[in-house]
């Protein structure tokens, strides 16, 4: 299992154990992390699972693909470390990943 940490907008931390192959969004929903709405269910068709990847993890998580970049246009307060959590696959290398949930979703 891979450990993920979600930081809610109010600073509350949610530490979860995630199965490899699942997504950061799926684990947020399973663990009732506030602020992750995931209206499209992970199809990269909305921007309601937007997160900020901690700077220490951005290189390992990688850059968004073109379709994700297009959807990020609809996200609230996009930053260089913005990603849609439905597009981040959990894997061993991401053990300890920290993401922050924005104040609101797009």
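In our numbering, the protein residues as written are 2 to 107.
Cβ coordinates follow ideal geometry from the N, Cα and C atoms, glycine included.
TODO: Reducing DSSP to helix, strand and coil, say where residue 8 ends up.
DONE: Mapped onto the chain shown, residue 8 falls at position 7. Looking at residue 8 - three-state DSSP - the assignment turns out to be strand.
Open item on the list: Would residue 83 and residue 100 be called neighbours here (beta carbons separated by less than 8 Å)?
Closed with: For this step, residue 83 is matched to residue 82 along the chain shown. For this step, residue 100 is matched to residue 99 along the chain shown. No, Cβ-Cβ distance for residue 83 and residue 100 is not below 8 Å.
Task: residue 10 burial status per 10 Å Cβ neighbour count (16 or more: buried) - done: Within the chain shown, residue 10 is the residue found at index 9, counting from 1. Result: exposed.
TODO: Have a look at the DSSP bridge pairing and note the partners of residue 31.
DONE: As a first step, residue 31 is located in the chain shown; it is residue number 30 there, counting from the start. Partner(s): none; residue 31 has no beta bridge.
- [ ] Could you tell me whether the region 53 to 66 touches the region 90 to 107, where touching means 3 or more Cβ pairs closer than 8 Å?
- [x] yes
- [ ] Report yes if the C-beta distance between residue 21 and residue 93 is below 8 Å; otherwise report no.
- [x] Taking the first residue of the chain shown as 1, we reach residue 21 at position 20. Taking the first residue of the chain shown as 1, we reach residue 93 at position 92. Result yes, Cβ atoms of residue 21 and residue 93 sit closer than 8 Å.
Task: Beta-carbon gap between residue 107 and residue 24 smaller than 8 Å - done: For the purposes of this step, residue 107 is identified with residue 106 of the chain shown, where counting begins at 1. For the purposes of this step, residue 24 is identified with residue 23 of the chain shown, where counting begins at 1. No, these two residues do not count as a Cβ contact at 8 Å.
TODO: For the region 48 to 83, list the alpha helix (DSSP H) runs that are entirely contained and at least 4 residues long, ordered along the chain.
DONE: 59 to 62, 67 to 73
TODO: Can you give me the start and stop residues for the beta strand (DSSP E) that residue 101 sits inside?
DONE: The count along the chain shown starts at 1 and reaches residue 101 at position 100. 98 to 101 is the extent of the beta strand (DSSP E) around residue 101.
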